[in-house]
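Here is the structure we will look at.
4 protein chains.
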Amino acid sequence: MPSAAVIGATGYTGALAASLLWRHPSIDLVAVTSRSGKGRLDDLYPRHRVPLELEELDVQRHGAVDAAIVAYPHGASSGVVAALRARGARIVDLSADFRLRDPDEYARWYGDHEAPELVDDAVYGLTELYRDEVADADLVANPGCYPTATLLALAPLARAGLIADVVVDAKSGVSGAGRAPSDKVHFVTADENVNAYGVPLHRHVAEIDQELALLGAPVTATFTPHLLPLDQGELVSCYVTPARPTDQDELAGLYADAYVGERFVELTDRPPGVRDVRDTNICRISVHEDPRTGKLIVFGAIDNLWKGAASQAVQNLNLMLGLGEGEGIT
Amino acid sequence: MPSAAVIGATGYTGALAASLLWRHPSIDLVAVTSRSGKGRLDDLYPRHRVPLELEELDVQRHGAVDAAIVAYPHGASSGVVAALRARGARIVDLSADFRLRDPDEYARWYGDHEAPELVDDAVYGLTELYRDEVADADLVANPGCYPTATLLALAPLARAGLIADVVVDAKSGVSGAGRAPSDKVHFVTADENVNAYGVPLHRHVAEIDQELALLGAPVTATFTPHLLPLDQGELVSCYVTPARPTDQDELAGLYADAYVGERFVELTDRPPGVRDVRDTNICRISVHEDPRTGKLIVFGAIDNLWKGAASQAVQNLNLMLGLGEGEGIT
Amino acid sequence: MPSAAVIGATGYTGALAASLLWRHPSIDLVAVTSRSGKGRLDDLYPRHRVPLELEELDVQRHGAVDAAIVAYPHGASSGVVAALRARGARIVDLSADFRLRDPDEYARWYGDHEAPELVDDAVYGLTELYRDEVADADLVANPGCYPTATLLALAPLARAGLIADVVVDAKSGVSGAGRAPSDKVHFVTADENVNAYGVPLHRHVAEIDQELALLGAPVTATFTPHLLPLDQGELVSCYVTPARPTDQDELAGLYADAYVGERFVELTDRPPGVRDVRDTNICRISVHEDPRTGKLIVFGAIDNLWKGAASQAVQNLNLMLGLGEGEGIT
Amino acid sequence: MPSAAVIGATGYTGALAASLLWRHPSIDLVAVTSRSGKGRLDDLYPRHRVPLELEELDVQRHGAVDAAIVAYPHGASSGVVAALRARGARIVDLSADFRLRDPDEYARWYGDHEAPELVDDAVYGLTELYRDEVADADLVANPGCYPTATLLALAPLARAGLIADVVVDAKSGVSGAGRAPSDKVHFVTADENVNAYGVPLHRHVAEIDQELALLGAPVTATFTPHLLPLDQGELVSCYVTPARPTDQDELAGLYADAYVGERFVELTDRPPGVRDVRDTNICRISVHEDPRTGKLIVFGAIDNLWKGAASQAVQNLNLMLGLGEGEGIT
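Chains as they are written, first to last, in our numbering: chain A, 248 to 577; chain B, 248 to 577; chain C, 248 to 577; chain D, 248 to 577.
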């Protein structure tokens with residue numbers, strides 16, 4: 248059974264990744280590390296019930312695993328990934344460090360990169376869109392939560408050349424803002440509230456633009472995230488100006504074809520709610536034509552901590568290790 | 248001191264209107280009516296502390312007040328308004344019955360109208376935009392909550408001829424769905440959830456289009472409301488394709504000019520949160536140019552029960568009765 | 248593989264039971280019934296993903312399964328249970344109908360009983376306390392959610408003869424109030440609120456008293472439930488006047504002995520939170536001596552829909568069918 | 248018009264106090280200070296709309312006001328209060344520093360005291376119980392939020408000699424934990440959760456015991472606070488073992504007599520919810536006899552930031568300054 252480690256297991260996504268791997272039927276979680284946390288992971292997160300001691304990162308030892316999920320912040324990740332890769336570990340990286348193809352774009356949004364030589368090796372791990380590439384990869388850049396929902400929602404339109412312009416209004420639960428305490432994530436601030444943030448320039452937009460172009464829609468997206476008073480869950484509402492007239496039948500066909508046989512994508516008639524995907528690796532999607540304006544409205548709902556991060560990382564790891572894609576996440 | 252009644256005081260907006268009038272320094276609330284509720288209003292809504300007995304509507308008696316706020320559902324309102332008007336009462340109507348100028352549009356979204364002859368007399372009561380007309384009116388159609396936030400957010404752009412196209416992504420707390428119990432408003436359904444509804448055709452869009460055109464922007468808006476897990480509060484995120492290039496300075500100037508001296512409109516640099524307008528008659532607005540796409544992003548935050556309904560009704564009533572515009576709502 | 252049905256699958260607990268059985272590795276869920284609902288269960292509860300058509304109850308056919316979980320309301324259940332039992336099905340009944348040993352007590356709190364002859368056959372299914380009896384039973388009365396948490400929290404003290412008196416202050420999420428829409432469970436009523444209900448006589452107290460007496464504590468408990476603004480989760484805070492002086496060491500020992508090897512009971516030093524048991528069959532318990540008053544304070548946290556209802560039902564069914572106790576619920 | 252300052256205006260209670268005084272018809276708020284915050288108070292708390300610049304404390308200048316509300320943490324407050332008193336300002340202190348009569352008790356729970364000579368001058372500001380003393384005081388120790396609700400709920404029983412023993416199970420919204428960010432108040436920690444804290448020794452119990460004894464009930468209370476997923480609101484559920492038999496009629500009479508004419512105390516038949524007192528200075532109370540056990544159950548609901556802190560401070564300040572008791576808080 249392949250061995251695995253979670254590097255940076257005390258944040259929300261790293262801890263969930265550890266929980267999923269701990270219960271994984273075909274992967275042996277042998278280590279969880281933390282830069283600051285000490286003690287057992289199940290003291291920090293009782294509900295994840297992972298009875299492992301948090302370790303300091305030891306590249307020699309931890310790089311000797313078959314595979315690692317790295318859950319470090321942007322910028323801090325690339326150096327660690329390089330070191331672990333040098334020891335031979337396959338990596339799924341949850342940070343943004345290997346998502347952007349263009350070094351200038353990376354520099355613009357995130358600053359210096361510590362392992363630019365690895366960027367070309369990295370595969371963008373939106374599993375449903377790049378399954379074969381992920382299976383052959385040694386390094387996977389796990390997509391951001393917003394790009395995951397947005398790209399799954401828009402891929403069929405992008406591939407069909409239907410996107411002339413798009414506005415993405417995204418809504419996320421508070422866990423998306425991370426575990427570090429701050430006024431923003433204080434219960435009294437977030438409760439009974441909703442507001443946009445990162446306006447007008449949230450860095451996830453670079454990732455969305457890059458991937459939409461690769462899918463066939465070379466647009467500059469308008470992207471605005473909002474913080475909502477819920478813990479897990481993310482909804483993107485995409486407003487597409489179509490490149491040509493279409494209709495509900497064509498739309499339904501496009502999506503059905505695109506996602507036939509995909510167990511982690513669900514197509515619905517009614518706009519999906521995030522509650523229906525909570526604690527799952529599933530993205531629920533509905534597509535609608537507005538008969539008044541001709542605009543196409545597409546909704547994508549995911550759990551930001553699962554499909555938006557940890558469970559998609561495991562999904563990718565499964566493919567990289569030749570395991571069943573859904574093992575440990577269904 | 249002028250006398251007033253609230254006709255239909257057991258819904259959320261009617262009850263709040265009664266609460267505001269009960270404490271109003273210059274209006275004497277003499278009656279609250281209900282079609283189904285019985286007993287005292289403060290038994291039904293302890294927190295509003297209005298110690299009046301709910302009465303059955305008696306058009307003769309209740310029409311003899313100086314002014315009435317009618318909080319009946321769409322369709323049910325117009326007949327009652329006509330009867331009360333016939334007795335001489337000035338009316339602020341919270342329903343949609345007198346908002347749409349075009350009878351065909353009304354019929355399309357709401358069905359038959361019981362008092363079409365009064366439609367032309369009605370003034371659209373978005374106070375900041377139609378203050379003088381409201382002051383002279385005997386019948387005011389109080390705007391819907393979504394149109395209130397949307398039109399205040401977009402009016403400066405519409406008047407400047409800047410709106411070529413607009414997408415409005417609206418988010419509302421559950422009180423906007425009304426007091427009638429249903430699966431949709433069950434705590435377990437709405438909690439930890441977010442989803443769009445009324446897709447692709449929510450009837451508030453007719454009101455938005457009509458008013459945007461009157462302001463100078465004859466567009467067909469794309470409008471999508473979402474239900475959020477909070478009780479009171481509404482945010483509209485408006486994505487405008489500008490008719491010509493503009494910049495942040497021009498935008499700031501337009502909004503400052505439009506709302507100078509308006510005590511119930513607050514302009515902010517950062518995207519506003521609904522928590523900052525909870526239990527107030529205030530609309531907070533921020534406007535941003537997206538430097539990547541050129542789109543204009545405008546946020547408007549209100550309390551759907553207050554500025555979106557009851558407190559704007561009182562604001563209008565104040566003007567109609569020659570009182571200070573902010574009396575009883577500050 | 249034994250076959251099973253869920254009788255009454257459209258309420259919260261029945262639907263969850265169906266979801267658990269649908270994924271159960273050693274039980275074959277063959278039918279879900281409903282008195283009022285139609286269509287597929289996954290239309291009603293997308294998140295449970297049970298693609299079965301809701302059926303009308305057919306006692307002949309549905310009684311032919313090996314086992315059934317009955318999730319009917321109190322009073323409506325006993326007749327159905329009798330009919331299914333007559334056809335040979337083993338039953339776990341989620342209602343209160345077979346919990347109370349004393350027919351007079353049942354009548355006092357619930358009214359007439361349609362199958363009094365079966366009461367003596369029924370085993371009280373608090374699994375950790377009555378494991379052997381459950382394994383031999385054909386009819387199990389699944390405990391109420393409040394009694395489950397309370398009895399697990401108090402059993403070690405009751406057996407040690409330590410309970411002279413007890414006050415149980417219970418707090419439950421809104422799902423405990425059921426799926427039927429009402430003003431009480433309206434989001435706007437429950438949100439930002441907390442209040443006691445069923446004061447001073449909630450009927451779960453009869454069940455608590457009966458079972459405490461059987462465990463060795465013949466007391467009359469003071470029991471007060473409160474409704475909290477969360478969906479799933481239940482905490483009981485038990486204040487015990489000890490029958491004799493004790494200390495923290497003795498208490499720790501009592502609990503450790505009582506629950507050694509119990510995978511679904513977790514003992515903690517700090518007061519447990521319901522978030523730590525969400526979506527699990529686990530009860531987390533902490534016990535404290537108040538050095539100022541000598542009172543013993545015991546907290547028990549469960550998920551009211553899981554250990555308080557559906558997953559405990561599956562736990563019992565596993566034992567009745569000779570399966571692993573934790574199958575399908577871990 | 249008397250002048251006032253709020254010393255420590257950036258915490259939740261200090262900011263609310265500033266907001267109340269800013270709108271007070273008969274008090275002139277001239278300064279708000281902060282130890283760490285800078286800028287304008289309405290930047291920090293837009294919703295309070297207090298357009299004052301935060302100042303560093305200057306004892307000479309700020310002590311020259313007629314009255315000050317001090318909202319410093321326990322321990323940090325006494326020295327500042329002494330300095331401001333020396334300059335002549337009347338003080339309402341929101342900390343615990345002047346609440347405990349017994350210096351040993353203070354030292355046990357809070358450590359050293361910087362102004363022990365002022366303790367005897369301080370009046371315990373539970374307004375409804377000590378109105379006359381407050382009116383004559385120059386220094387008022389504003390009660391803790393839990394003691395406020397508990398003592399108002401229990402005072403009629405204590406005075407009647409009816410309390411032989413009492414358990415207080417208290418539930419508070421997250422604002423009660425203060426504004427400092429931490430894991431405890433992170434939205435993701437508090438949401439969908441409930442747990443006790445400060446077990447078994449929360450320091451508010453010393454204040455409760457002291458005051459119950461003064462009212463006629465020399466008991467050692469069992470007191471356990473719980474954190475709930477709501478922002479403002481506090482409910483205490485008090486379980487009293489009566490010193491002698493009583494009945495519902497006597498209880499109703501005791502409470503009616505105790506609170507006749509009290510505008511900020513509401514007696515209800517049904518258990519009160521905190522939503523009914525949100526943003527008010529009101530305590531809602533219900534009292535019940537449990538016919539099975541003879542225990543008396545009393546509920547008290549307040550808004551922890553209002554009656555539990557800031558609005559009661561203003562209520563006291565009004566009395567100290569000879570103003571109407573309800574000015575600025577109704």
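The beta carbon of each residue, even a glycine, is placed where N, CA and C say it ideally should be.
Per DSSP, reduced to three states, the secondary structure at residue 281 of chain A is coil, with no helix or strand assignment.
Flagged as an interface residue toward chain D: residue 440 of chain C, by a C-beta distance shorter than 8 Å. Excluding sequence positions up to five before and after residue 504 of chain C, its CB lies within less than 8 Å of the CB of 403, all in the same chain and listed in chain order.
Membership of residue 338 of chain D in the beta strand (DSSP E) is indicated by the continuous run 337-340. Within the DSSP bridge table, the entry for residue 313 of chain C names no partner. Beyond the five residues adjoining it in sequence on each side, residue 498 of chain C comes within less than 6 Å, by CB distance, of 534 in the same chain, given in chain order. Distance from the Cα of residue 480 of chain C is smallest, within the candidate group C/460, C/521, C/515, for C/521. Residue 558 of chain D carries a helical assignment under DSSP once its states are collapsed to helix, strand and coil.
Boundaries of the alpha helix (DSSP H) harbouring residue 451 of chain A: 451-462, taken from the DSSP string. Distance from the Cα of residue 414 of chain A is smallest, within the candidate group A/381, A/369, A/422, A/489, for A/489. Straight-line spacing of the CA atoms in residue 446 of chain C and residue 545 of chain C works out to 22 Å. One thing to note: residue 557 of chain C has its Cβ within 8 Å of the Cβ of residue 260 of chain C. The beta carbon of residue 463 of chain D sits closer than 7 Å to those of 405, 406, 408, all from its chain and outside the five residues before and after it, given in chain order. Counting the other CB atoms within 10 Å of its CB gives residue 370 of chain B a total of 16 or more, which places it among the buried residues.
Between residue 543 of chain D and the set D/555, D/530, D/493, D/528, the nearest pair of CA atoms involves D/493. Assignment of residue 386 of chain C by DSSP, reduced to helix, strand and coil, places it in the strand class. At a cut-off of 8 Å between beta-carbon atoms, residue 293 of chain D makes contact with chain B.
Boundaries of the beta strand (DSSP E) harbouring residue 412 of chain B: 410-419, taken from the DSSP string. For the 8 Å CB-CB criterion, residue 341 of chain B and residue 316 of chain B form a contact. The continuous beta strand (DSSP E) containing residue 489 of chain C extends over residues 481-489. DSSP places residue 423 of chain B in no alpha helix (DSSP H); its state is neither H nor E. In its chain, beyond the 5 residues on either side, 267, 575, 576 have a beta carbon closer than 6 Å to the beta carbon of residue 561 of chain D. Residue 525 of chain C belongs to the set of residues whose beta carbon lies under 8 Å from a beta carbon in chain D. The three-state secondary structure of residue 373 of chain D, taken from DSSP, is coil.
Put simply, the segment 315-334 of chain D does not touch the segment 427-439 of chain D. Fewer than three CB pairs are less than 8 Å apart.
In the structure shown, residue 250 of chain D adopts extended strand secondary structure according to DSSP, grouped into three states. Per the coordinates, the alpha-carbon of residue 563 of chain B lies some 30 Å from the alpha-carbon of residue 438 of chain C.
Using a CB distance cut-off of 8 Å, residue 522 of chain B counts as an interface residue toward chain D. In terms of CA proximity to residue 516 of chain B, A/442 leads the group A/482, A/276, A/401, A/442.
Where residue 472 of chain B is concerned, there is no enclosing alpha helix (DSSP H), although the beta strand (DSSP E) around it starts and stops at 469-474.
Interface annotation, residue 477 of chain C: in contact with chain D, CB-CB separation under 8 Å. In the same chain as residue 380 of chain A, and ignoring 5 residues on each side of it, the C-beta atoms closer than 6 Å to its own belong to 370, in chain order.
Assignment of beta-bridge partners to residue 439 of chain B by DSSP yields no partner.
Shortest Cα-Cα distance from residue 389 of chain C to any of C/571, C/468, C/458 involves C/458. By the Cβ-count criterion, residue 324 of chain A is buried, with 16 or more other Cβ atoms from all chains shown falling within 10 Å of its own Cβ. Using a Cβ distance threshold of 8 Å, residue 343 of chain C and residue 255 of chain C do not count as a contacting pair.
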